[in-house]
Amino acid sequence: MSTQASAVQTPTPFKPRIFSGIQPSGGLTLGNYLGALKRFVEKQDEGIETIYCLVDMHAITVWQDPAKLRQQTREGAAAFIAAGIDPARSILFNQSQVTAHAELGWIFNCVARMGWMSRMTQFKDKAGKNSENVSLGLFAYPALMAADIMAYHATMVPVGEDQKQHLELTRDIAIKFNNDYGVNFFPVVEPLIEGAATRVMSLRDGTKKMSKSDPSDQSRINLTDDADAIAAKIRKAKTDPEPLPDSVEGLKDRPEARNLVNIYAALAGHTVDQVIRDFAGAQFGTFKPALADLAVAKLAPITAEMNRLMADPGEIDRILGEGAERADALARPILEQVYDITGMIRSRRG
Ligand code: TYM
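First residue of the sequence shown? That's 5 in my numbering, and the numbers climb one at a time after it.
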């Protein structure tokens with residue numbers, strides 16, 4: 005419902021700004037790398053203002069052992085840097101160090117509707133039959149995600165396919181906030197879901213997403229896997245008995261083949277068409293070793309750099325702290341305006 009328009013502002017052109025996040029709820033996978041990290045680096049290198057976050061507050065919506073969470077947050081930060089994120093050019097931090105996220109998250113809890121949240125497929129998947137017993141935070145999760153993005157007036161969010169519905173909700177929350185308060189305060193964000201690997205699938209089942217929470221380690225490539233583990237997992241990946249087709253249409257109804265070709269294309273920086281042209285008629289006995297070599301060539305330097313960075317956790321914490329200060333300087337004035345728009349008195353000194 006629209007209230008009085010005392011805080012109405014003239015439409016502000018929102019400056020292009022990218023925000024994205026990754027949960028430090030386990031080791032990162034090839035899916036995270038191709039669907040997110042690699043593209044985060046490309047966006048940074050295109051010269052757009054980029055803000056990247058390890059979302060530790062999202063991680064605790066399901067139980068996290070505190071010592072492991074700390075370790076995984078540092079490991080996540082090391083992965084960002086090893087993949088090519090430059091903390092001087094991008095802002096890199098962990099979410100809990102910038103309290104604007106939680107504060108705006110609460111306000112968005114009061115904007116989002118129960119019906120909207122109940123339709124979130126990730127919540128339904130994660131809660132399963134256990135929905136009475138999951139945390140309230142898991143239900144509110146997408147409102148905090150909207151806050152992550154809107155606290156910076158970010159206009160673009162690079163993500164994998166599985167985050168699309170959450171970004172639609174972010175748009176709905178921004179639009180409802182603007183309508184309710186009669187303002188044009190929050191931008192309507194644009195999801196960037198691009199490239200050959202927006203949905204990397206399990207190596208054991210081409211119809212299931214590759215995920216850090218899959219009980220089978222054989223289903224995924226972890227960014228911490230060594231060359232032998234990567235090669236073995238690709239060699240054992242499920243496939244079908246047919247050779248690779250001579251056109252992309254020939255991959256239809258062959259989810260495992262499609263997945264390996266997509267992974268190859270994304271790692272090589274080629275189109276799927278190009279990969280199919282190069283490997284038309286090839287047996288998996290030929291294609292899999294080529295894919296394993298490519299994966300090792302691309303991932304081994306990242307893993308080595310992650311290990312090097314992890315040897316100095318103090319330096320990682322310093323980078324995250326510095327990033328958090330820069331993030332806070334952007335988010336705080338936006339949040340203060342939100343408090344003003346929503347009618348909160350802010351008279352505390354200092
Ligand atoms: P998370 O931590 O599950 O995943 C981080 C990023 O990796 C992408 N991704 C994949 N892409 C392709 N194939 C896969 N198999 C695959 N698995 C994961 C995800 O799409 C995501 O881009 N809710 C988010 C974290 C988040 C966030 C945000 C993202 C919190 N606040 C604000 C963007 C903006 C999540 O759980 O991602």
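Where is the CB? At the ideal position from N, CA and C, for every residue including glycine.
Worksheet item: Among residues of its own chain, excluding the 5 on either side of residue 357, which ones have a beta-carbon nearer than 7 Å to its beta-carbon?
Response: Residue coverage of the chain in this structure runs from 5 to 354, which leaves residue 357 outside it and unanswerable.
Item to complete: Run through the segment 194-275 for me and flag every whole alpha helix (DSSP H) of 4 or more residues, listed as ranges in chain order.
Response: 231-239, 259-272
Worksheet item: Which one or two residues does DSSP pair with residue 160 in a beta bridge?
Response: 22, 194
Fill in: Proximity to residue 181 [Cα-Cα], best of 114, 82, 119
114
Worksheet item: Do you know offhand how far residue 189's Cα is from residue 239's?
Response: 52 Å
Practice prompt. Could you tell me the boundaries of the beta strand (DSSP E) in which residue 98 lies?
Written response: 95-98
Worksheet item: Expressed to the nearest angstrom, what Euclidean distance is found between the alpha-carbon atoms of residue 126 and residue 316?
Response: 35 Å
Fill in: Contact test: residue 170 Cβ vs ligand 1 heavy atom, cutoff 7 Å
yes
Worksheet entry | C-beta contact flag for residue 56 and residue 100 at 8 Å | no
Practice prompt. May I ask whether a heavy atom of ligand 1 can be found less than 7 Å away from the beta carbon of residue 127?
Written response: no
Item to complete: Could you tell me if residue 79 is buried or exposed, where buried requires 16 or more neighbouring beta carbons within 10 angstroms of its beta carbon?
Response: buried
Worksheet item: Count the other CB atoms within 10 Å of the CB of residue 347; is the residue buried (16 or more) or exposed (fewer)?
Response: exposed
Worksheet item: Do you know offhand how far residue 9's Cα is from residue 160's?
Response: At residue 9, the pLDDT of 45 sits below 50, so the modelled position is not reliable and the matter cannot be decided from this model.
Worksheet item: What residue range is occupied by the uninterrupted beta strand (DSSP E) comprising residue 55?
Response: 53-58
Worksheet item: What span of residues does the alpha helix (DSSP H) with residue 110 cover, start to end?
Response: 104-113
Worksheet item: For ligand 1, any of its heavy atoms closer than 7 Å to the Cβ of residue 348?
Response: no
Practice prompt. Spell out a yes or no on whether the segment 192-199 and the segment 274-290 are touching, meaning 3 or more CB-CB pairs, one atom from each, closer than 8 Å.
Written response: no
Fill in: Backbone secondary structure at residue 33 - three-state DSSP
strand
Worksheet item: Does the beta-carbon distance from residue 264 to residue 295 come in below 8 Å?
Response: yes
Discussion item. Quick check: the Cα distance between residue 343 and residue 108, rounded to an integer number of angstroms?
Written reply: 9 Å
Discussion item. When you compare the CB positions of residue 22 and residue 36, do they come within less than 8 Å of one another, or not?
Written reply: no
Item to complete: Count the C-beta pairs between the segment 61-75 and the segment 289-307 that are closer than 8 Å, then say yes if the count reaches three, no if not.
Response: no
Item to complete: Whole angstroms is fine: what's the gap from residue 281's alpha carbon to residue 145's?
Response: 43 Å
Fill in: Buried/exposed call for residue 356, threshold 16 Cβ in 10 Å
Absent from the structure is residue 356, since the part of the chain shown begins at 5 and ends at 354.
Worksheet item: Helix, strand or coil: how does DSSP classify residue 341 here?
Response: helix
Worksheet item: Do residue 62 and ligand 1 come close, with the Cβ less than 7 Å from some heavy atom?
Response: yes
Discussion item. Rounded to whole angstroms, what is the Cα-Cα separation between residue 5 and residue 177?
Written reply: A caution first: residue 5 carries a pLDDT of 42, below 50, which makes its placement in the model unreliable, though a value can still be read off. Cα to Cα, the separation comes out at about 13 Å.
Worksheet item: Just reading off the alpha helix (DSSP H) that residue 119 is part of, what are its end residues?
Response: 118-122
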